[in-house]
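In what follows, a structure is listed as structure tokens, so that the remarks can point back to it.
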Amino acid sequence: MKNKQKLFLTAFVSAVLLSTTSIFAKTEKYSFDVFLWGIKVGELIYSIKTSESDYDISGVLMSKGLARMVTKYKFQAEAKGKLSNKLYTPTYYRGKSDTKRRKEEKSMVYHKMVPKVTSTKVPQSHWAKPKSQKGTVDPMTAIHLVMSDKDKKTICSQTFHLFDGARRIEIKLSKIKIQENSAKCQGEYIREDGYSDEEMKEGKVFPFTVNYIMKGELYSVESLEIKALRGRTKFTKR
């Protein structure tokens, strides 16, 4: 009888713990169409699961529409990390890209906020050194930092550094116009390290704008537009 009671209590406690975890965990999904010069060329879809102290993101960027007739590409990634006071600190990242002509897999494990990179590519001499990238975030975490919903205190007031395993980029967001039901932010995508001399000559600073609309108590991204090397690219939320 005592054994049955112990088994019952164990099962009961386990059920309570599992249900408590599910209550505090939250999953958000984001979907964007990608346009180049007004023509749909792809889509970005990702989801993030957060708890009181952790986050888990996974997403995919892939060609769609007319772009598939010219070139096919697919980029998949996932990231995990710690979450504290809206501060995202990655602990693990894995990315896989396929452009049909070239495939690459890459992973980063963080120790004391410093990434250790494993890649199928041979490191180039001009790439940024991982040991110097303490405090940077991975590409998937960076996407969420820019594209996620914002409150009045955090909107248009971000500065962080992204490291993709080879290149280091600074992302800045500042206010342009904040209204009760909408907002517009000015951003800068700044190449810092890991690029060849030729790449730096092509461009160092790429400006972008983010448009938001108010949904409930949060500002939600309606679109992001950036002037990139291939032309004006726009992400529009579905």
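With the working numbering, the residue at position 206 of the sequence shown is 256, and numbering never jumps. Glycine included, every Cβ here is placed at the ideal spot set by N, Cα and C. Computed from a predicted model, the values in this text were never measured in an experiment.
- With a beta-carbon spacing of about 27 angstroms, D104 and E93 fall beyond the 8 angstroms limit used to define contacts.
- Counting C-beta pairs with one atom in each stretch, the region 223-231 and the region 153-168 have fewer than three that are closer than 8 angstroms, which means they do not touch.
- Here DSSP, grouped into helix, strand and coil, assigns P180 to helix.
- M112 and R280 have their C-alpha atoms some 16 angstroms from each other.
- One thing to note: K136 has its Cβ no nearer than 9 angstroms to the Cβ of K99.
- In this structure, the beta-carbon distance from E128 to D106 falls below 9 angstroms.
- Contact between the region 175-182 and the region 203-210 is not established, with fewer than three Cβ pairs separated by less than 8 angstroms.
- For T191, the secondary structure class from DSSP, reduced to helix, strand or coil, is helix.
- Counted as a single uninterrupted DSSP element, the beta strand (DSSP E) harbouring K130 occupies residues K124 to S134.
- At a Cβ-Cβ threshold of 9 angstroms, E238 and F258 count as neighbours.
- Comparing alpha-carbon positions, the option among S81, R151 and T186 lying closest to D243 turns out to be T186.
- As a beta-bridge residue in DSSP terms, E275 pairs with T259 and K284.
- Annotated three-state conformation of D201 is coil, per DSSP.
- Between the beta-carbon of D188 and that of Y143 there is about 4 angstroms, and that keeps the pair under the 8 angstroms contact cut.
- Taking the Cα positions, I193 is about 13 angstroms away from T209.
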